[in-house]
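If you read the sequences in order, they're chains A and B. Using this note's numbering, the letters of the first sequence correspond one by one to residues 5 to 248. Using this note's numbering, the letters of the second sequence correspond one by one to residues 5 to 248. Only one structure is covered here, and it is reproduced in the block below.
Protein chains: 2
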Amino acid sequence: MQKYFVSNEDFNELKITSSDVFHIKNVMRNKIGDEILIGSNNKTYLAKITNIKDDVINYEIKEEKIGNMELPVFISLFQGYPKGDKLDDIIKHSTEMGVSEIYPTIMKRSLFKLDLKKKESKLQRFNKIAKEAAEQSYRDIIPNVVDIIDLKKIDFSKYDYKILCYEEDAKMNEESNFKRIVKSLKKDDKIAVVIGPEGGIDILEYEYLKNLGFISVGLGKRILRTETVIYYVLSSISYEMELK
Amino acid sequence: MQKYFVSNEDFNELKITSSDVFHIKNVMRNKIGDEILIGSNNKTYLAKITNIKDDVINYEIKEEKIGNMELPVFISLFQGYPKGDKLDDIIKHSTEMGVSEIYPTIMKRSLFKLDLKKKESKLQRFNKIAKEAAEQSYRDIIPNVVDIIDLKKIDFSKYDYKILCYEEDAKMNEESNFKRIVKSLKKDDKIAVVIGPEGGIDILEYEYLKNLGFISVGLGKRILRTETVIYYVLSSISYEMELK
């Protein structure tokens, strides 16, 4: 069953008016009487479609779905801005895997140059990808792609743990920091994860982050690409905290 | 430093004659005297380039790199053949993460129809992706993309553990089977991992696999897309077995 996140406004009037109307009618080909899942205010409801018009769909709520689909910790991903459209996949898959929010982060070795005129439309597109991935993976919330931001402008003070995924440490077989941190996580802890772009984290950035209290971690023996690192981090945290 | 796998033949004569010659000359722009890593017979060597010609590069071995980059267990991925070019990413990233071999597997809900005439060229392309990903991630071996095969034609008898990633179990909050298996893994164990295509595993396939001794596992609370499942599996195994 497909899930759709709706705005508070629409939810109060038990309707859908966004581009999801098109999806429901033309992609899923739903009819009156079909069931869908509605996400609103971090809750999920089983709903029945009661009316389908050109640009609005009405529904009635059948029941609230109980059960929290979220990781027990809050994870902010600071992803070094990568080449091409890799960020699309990173946003999509890290959303499926439970990330809480994402900052595409401009670092020394990012080849990306921020065009301020295009920033808003880029963020809009990234947030659309996150919404669709959150719907498909039955998340309770939509991770926010907050801002495209320069590494040095980020305030990391709110985090309980600050993790830096550093290729050079992986090559030196650093193999205990990550597991030690994950094993000590408690519910609602806030974790910042910084991942370099393709060329990795520059040594000056590394020192800057270390001075802010970041702990550098190796993630197994193989050298991961920038787009794979967050999958390792999120999977391991789910494995450790969610599985029994 | 870039790693290149060379054939036994080329290694015996300390040369490279494959398409890597182009990569070394034109992408990496290496010169005589530069160092590269050479992979051969599951070993990795530090080498120095001694001669560069049009279609051959010679080198001398400086030392053998000690240190095993492989996961301690052998993992065969039976990936339900997905839509579009998703398999390219799955082969690339699961190679980075330590998979041992891959069988693109035709299952009931695969939309893919195998064209026998194209099979060899497809396999060739898949194996090229695996080779490049293995070089980039410093693997000791290149995972073999063995065959495009029908689920029912696979012989699973050699495996110590048989894992079935089943969406319906994830939805029912099955949350103990995977961790129990991973925690009981021993060095050199052989594990088969079956993952459905986009539509998931058909109920008859599910029953067929259960009868063969497969254990169905849930992987955390969120519904993962077909291309993300193996990342969760490999990351968790690395986390459990390689990190301390």
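Even for Gly, the Cβ is constructed at its ideal location relative to N, Cα and C. Since the structure is predicted, the reported quantities are computational estimates derived from the model, not experimental observations.
Kindly say whether His-97(B), judged by its beta-carbon, lies nearer than 8 Å to any beta-carbon of chain A.
yes
Which residue comes first and which comes last in the beta strand (DSSP E) that contains Ser-44(A)?
39-44
Start and end of the beta strand (DSSP E) containing Ser-80(B)?
78-84
Glu-246(B) to Tyr-235(A) span [Cα, whole Å]:
16 Å
Hey, Leu-223(A) and Val-198(A): beta-carbon distance below 8 Å or not?
no
Given 8 Å, three or more beta-carbon pairs between the region 208-228 of chain A and the region 8-23 of chain B:
no
Would you mind giving the Cβ-Cβ distance between Pro-76(A) and Lys-248(A), rounded to the nearest angstrom? I have them listed as a contact below 8 Å.
Rounded, the Cβ-Cβ distance is 13 Å, inconsistent with contact.
So the candidates are Lys-112(A), Tyr-165(A), Lys-96(A) and Arg-226(A); which of them puts its Cα closest to the Cα of Tyr-219(A)?
Looking at the sequence itself, residue 219(A) is Ile, so the reference to Tyr does not match. Selected option, being the one with the closest Cα: Tyr-165(A).
In angstroms, rounded to a whole number, what distance separates the CA positions of Ile-153(B) and Lys-117(B)?
11 Å
Is Val-77(A) near the ligand SAM, judged by its Cβ being under 7 Å from some heavy atom?
No copy of the ligand SAM appears in this structure; indeed no ligand is present at all.
From this set, Met-5(A), Val-10(A) and Asn-46(A), which residue's C-alpha is nearest Asn-34(A)'s C-alpha?
Met-5(A)
DSSP beta-bridge partners for Ile-219(A)?
Ile-167(A)
Which listed residue (Phe-9(B), Ile-146(B), Ile-158(B) and Glu-139(B)) has its alpha carbon closest to that of Gln-83(B)
Ile-158(B)
8 Å Cβ cutoff met for Leu-238(B) and Met-101(B)
yes
Tell me the residue span of the beta strand (DSSP E) that contains Phe-130(A).
No beta strand (DSSP E) contains Phe-130(A), which is instead part of the alpha helix (DSSP H) from 120-140.
Can you give me, in chain order, the residues of the region 217-246 of chain A that have a beta carbon less than 7 Å from any beta carbon in chain B?
Gly-224, Lys-225, Arg-226, Ile-227, Leu-228, Arg-229, Thr-232, Tyr-235, Tyr-236, Ser-239, Ser-240, Ser-242, Tyr-243 and Glu-246
Spatial distance of Ile-185(B) from Arg-229(B) (CA atoms)
22 Å
Tell whether a beta-carbon distance below 8 Å holds between Lys-135(A) and Phe-9(A).
yes
Is the Cβ-Cβ distance between Asn-144(B) and Asn-55(B) less than 8 Å?
Per the sequence shown, the amino acid found at residue 144(B) is Asp instead of Asn. For Asp-144(B) and Asn-55(B), no; Cβs fall outside 8 Å.
Select from the region 67-82 of chain A all residues with a C-beta closer than 7 Å to any C-beta belonging to chain B, and list them in chain order.
Met-73
Check whether the region 122-133 of chain A touches the region 170-181 of chain A, counting contact only when three or more Cβ pairs, one atom from each stretch, lie closer than 8 Å.
no
Counterpart residues of Pro-108(B) in DSSP-defined beta bridges:
Gln-83(B)
Given this structure, state the Cα-to-Cα distance separating Tyr-107(B) from Thr-232(B), to the nearest angstrom.
16 Å
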